[in-house]
């Protein structure tokens, strides 16, 4: 019987994200103000530039609307990043049989790990966050920080090695 579970988790905006969005819009309005001031030199072309600045600010600020989708299908786990509910990118894919560690997430666990090996698919301060370590031949070791719900946890436990499944999600 096929196993298929999926979960979408929205990432809350941090203070840095809100500051970046505010900065983007502030810069766009400053550019618009300057274009209005120089409208005598630019003529009607300034309206096109104003529209472009506002459209660019809108598109850039939408890039901060991020969700992650966890998909467990017959022993394979896929992590997709969804930006503004319109574009999707596969961030990580691995077999659950290659998992070597699964435990509650703690910031101290990753102090000696290369940051390029870490995939953060939830808020780091989420109390339900877990760390999953998977080693794949050719791809190396991946450290996944994620916050699965009860259904996805049950699907993961079915496919990880038994010595990990016994202590997983406790």
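Numbering (this note's numbering), first residue to last: 20 to 189.
The beta-carbon is built from N, C-alpha and C at its ideal position, and this holds for glycine as well.
Requested in this report: Under 6 Å Cβ to Cβ from residue 173, same chain only, skipping five residues before and after it: list those, please.
Outcome: Taking the first residue of the chain shown as 1, we reach residue 173 at position 154. For residue 173, where only same-chain residues beyond five positions count, there are no Cβ hits under 6 Å.
Report task. Leaving aside the five residues before and after residue 114 along the sequence, list all residues of the same chain whose C-beta is less than 7 Å from its C-beta, in chain order. Result -> Stepping through the chain shown from its first residue, residue 114 is reached at position 95. Within the same chain, residue 114 has close Cβ partners 94 and 95.
Query raised in the report: What does a CB cutoff of less than 8 Å around residue 170 pick up in its chain, not counting 5 residues either side in sequence?
Result: Locating residue 170 in the chain shown gives position 151, counting from the first residue. Excluding sequence neighbours, residue 170 sits near 24 and 26.
Query raised in the report: At what residue ranges does the segment 152-181 contain a whole run of the alpha helix (DSSP H), taking only runs of 4 or more?
Result: 169-178
Query - Extent of the continuous alpha helix (DSSP H) to which residue 35 belongs - result: Here residue 35 refers to the residue found at position 16 of the chain shown. Element bounds for residue 35: 34-56.
Query raised in the report: Rounded to a whole number of angstroms, what is the C-alpha to C-alpha distance between residue 42 and residue 122?
Result: Position 23 of the chain shown, counted from the first residue, corresponds to residue 42. Position 103 of the chain shown, counted from the first residue, corresponds to residue 122. Looking at the two C-alpha atoms, the distance is approximately 38 Å.
Query raised in the report: What's the C-alpha gap between residue 143 and residue 136?
Result: Start at 1 with the first residue of the chain shown, and residue 143 comes out as number 124. Start at 1 with the first residue of the chain shown, and residue 136 comes out as number 117. Using only the alpha carbons, I get a separation of about 16 Å.
Query raised in the report: Of all the options 186, 28 and 183, which has the alpha carbon lying nearest to the alpha carbon of residue 101?
Result: Taking the chain shown and counting its residues from 1, the one referred to as residue 101 is at position 82. Among 186, 28 and 183, the Cα nearest to that of residue 101 belongs to 28.
Query raised in the report: Residue range of the alpha helix (DSSP H) that residue 78 falls in?
Result: The sequence position of residue 78 within the chain shown is 59, counting from 1. Residue 78 -> alpha helix (DSSP H) spans 64-81.
Query raised in the report: Any idea what DSSP makes of residue 186, helix, strand or coil?
Result: Taking the chain shown and counting its residues from 1, one reaches residue 186 at position 167. In the structure shown, residue 186 sits in coil (DSSP, three-state: anything other than H, G, I, E or B).
Query - Short Cβ contact (8 Å threshold) for residue 165 with residue 187 - result: In the chain shown, the residue the question calls residue 165 occupies position 146. In the chain shown, the residue the question calls residue 187 occupies position 168. Against a cut-off of 8 Å, the Cβ pair of residue 187 and residue 165 comes out as no contact.
Query raised in the report: Nearest to residue 66 by alpha carbon, out of 77, 51, 163 and 33?
Result: One-based indexing of the chain shown puts residue 66 at position 47. Residue 66 has its Cα closest to that of 51, out of 77, 51, 163 and 33.
Query raised in the report: In the structure shown, what three-state DSSP assignment does residue 22 receive?
Result: The sequence position of residue 22 within the chain shown is 3, counting from 1. Coil, per DSSP.
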